[in-house]
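Colleague:
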Amino acid sequence: MSIRQRILKEYRTLEYNKLPGIEVILTENLHQFYADLKITDNDLYPNTYRLKISIPEDYPFVAPVVVFVRDEDEGINEIPIHPHIYSNGHICLDLLGPGWVPVQTVSSLLLSIQSILASNDRNERPPDDERYCKGAPKNPTKTRFTYHDETV
Numbered sequence: 001m002s003i004r005q006r007i008l009k010e011y012r013t014l015e016y017n018k019l020p021g022i023e024v025i026l027t028e029n030l031h032q033f034y035a036d037l038k039i040t041d042n043d044l045y046p047n048t049y050r051l052k053i054s055i056p057e058d059y060p061f062v063a064p065v066v067v068f069v070r071d072e073d074e075g076i077n078e079i080p081i082h083p084h085i086y087s088n089g090h091i092c093l094d095l096l097g098p099g100w101v102p103v104q105t106v107s108s109l110l111l112s113i114q115s116i117l118a119s120n121d122r123n124e125r126p127p128d129d130e131r132y133c134k135g136a137p138k139n140p141t142k143t144r145f146t147y148h149d150e151t152v
């Protein structure tokens, strides 16, 4: 299966098997789209949060690049506060790096990110947030994250 076929298959799955609390927003670029997340069972996250998903050319052998973004025009002004989410939108999640395997899908990735928010009870950023954001690469896959606390 070609990368194009795989992406189209995943888009169709997302379209016909809607995930609760997740709305996918397609763009004209097959390799980039957005997903809005709503976390209904956690008062720490009352807003809608937007993810930008970029599919690399060697997908599914390499994980998508996923970051939280703001969209002032849509009223999405915040990056969620979480011990594994930096204030620049980068997500410290093994699944987005060395933990990715080709059998995973964008749907499973979105559910994982939604789940880490839903299960979180700590209103804090990673301990190195300020330092990381000052020197972070634009592409978070260029970062070797230190997983501070895997219980979150």
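Take 1 as the starting number for the sequence shown in UniProt numbering and just add one per residue.
Positions of the beta carbon are idealized from the N, C-alpha and C atoms, including for glycine.
Have a look at Asn88 and Val66 and give me their C-alpha separation to the nearest angstrom.
Modeller: Looking up residue 88 in the sequence shown gives position 88. Looking up residue 66 in the sequence shown gives position 66. About 12 Å.
Colleague: Tell me Gln5's beta-bridge partners as DSSP assigns them.
Modeller: By one-based count along the sequence shown, residue 5 stands at place 5. Per DSSP, none; premise fails for Gln5.
Colleague: Pop quiz: Leu30 and Arg4 are said to be a contact at Cβ under 8 Å. What is the actual Cβ separation, rounded to whole angstroms?
Modeller: Within the sequence shown, residue 30 is the residue found at index 30, counting from 1. Within the sequence shown, residue 4 is the residue found at index 4, counting from 1. About 7 Å; that satisfies the 8 Å criterion.
Colleague: Leaving out five residues on either side along the sequence, give the residues of the same chain with a beta carbon under 7 Å from the beta carbon of Thr27.
Modeller: Translated into the one-based positions of the sequence shown, residue 27 becomes position 27. For Thr27, where only same-chain residues beyond five positions count, the Cβ hits under 7 Å are Phe33.
Colleague: Along the alpha helix (DSSP H) that carries Ser108, what are the first and last residues, could you check?
Modeller: In the sequence shown, the residue the question calls residue 108 occupies position 108. 106-118 is the extent of the alpha helix (DSSP H) around Ser108.
Colleague: For a minimum of 3 consecutive residues, which ranges assigned as the beta strand (DSSP E) are wholly contained in the stretch 18-59?
Modeller: Runs found: 22-26, 32-38, 48-54.
Colleague: Helix or strand or just coil, what does DSSP make of Asp129?
Modeller: For the purposes of this step, residue 129 is taken as the residue at position 129 of the sequence shown. Reduced to three states, the DSSP call for Asp129 is helix.
Colleague: Quick check: what's the CA-CA separation for Ser119 versus Asn42?
Modeller: For the purposes of this step, residue 119 is taken as the residue at position 119 of the sequence shown. For the purposes of this step, residue 42 is taken as the residue at position 42 of the sequence shown. C-alpha separation (whole angstroms): 8 Å.
Colleague: What do you reckon, are the CB atoms on Phe61 and Pro20 nearer than 8 Å?
Modeller: What you label residue 61 is simply residue 61 of the sequence shown in a count that begins at 1. What you label residue 20 is simply residue 20 of the sequence shown in a count that begins at 1. Cβ atoms of Phe61 and Pro20: not closer than 8 Å.
Colleague: Confirm, please, whether the CB-CB distance from Gly97 to Ala63 is below 8 Å.
Modeller: Sequence index remark: in the sequence shown, residue 63 carries index 63 (1-based). Sequence index remark: in the sequence shown, residue 97 carries index 97 (1-based). Result yes, Cβ atoms of Ala63 and Gly97 sit closer than 8 Å.
Colleague: Could you check whether the stretch 36-54 touches the stretch 70-81, counting it as contact only if at least three pairs of C-beta atoms, one from each stretch, sit closer than 8 Å?
Modeller: Yes, they touch.
Colleague: If I'm right that Ser107 touches Glu15 with Cβ under 8 Å, what's the distance once you round it to whole angstroms?
Modeller: Walking along the sequence shown from the start, residue 107 turns up at place 107. Walking along the sequence shown from the start, residue 15 turns up at place 15. Ser107 to Glu15, Cβ: 11 Å. No contact.
Colleague: For residue 228, does the three-state DSSP call read helix, strand or coil?
Modeller: Nothing about residue 228 can be read from this structure; the chain reaches only from 1 to 152.
Colleague: Take Asp129 and list the residues in its own chain whose beta-carbon comes closer than 6 Å to its own, dropping the five residues that flank it on each side.
Modeller: Taking the sequence shown and counting its residues from 1, the one referred to as residue 129 is at position 129. Tyr86, Ser87.
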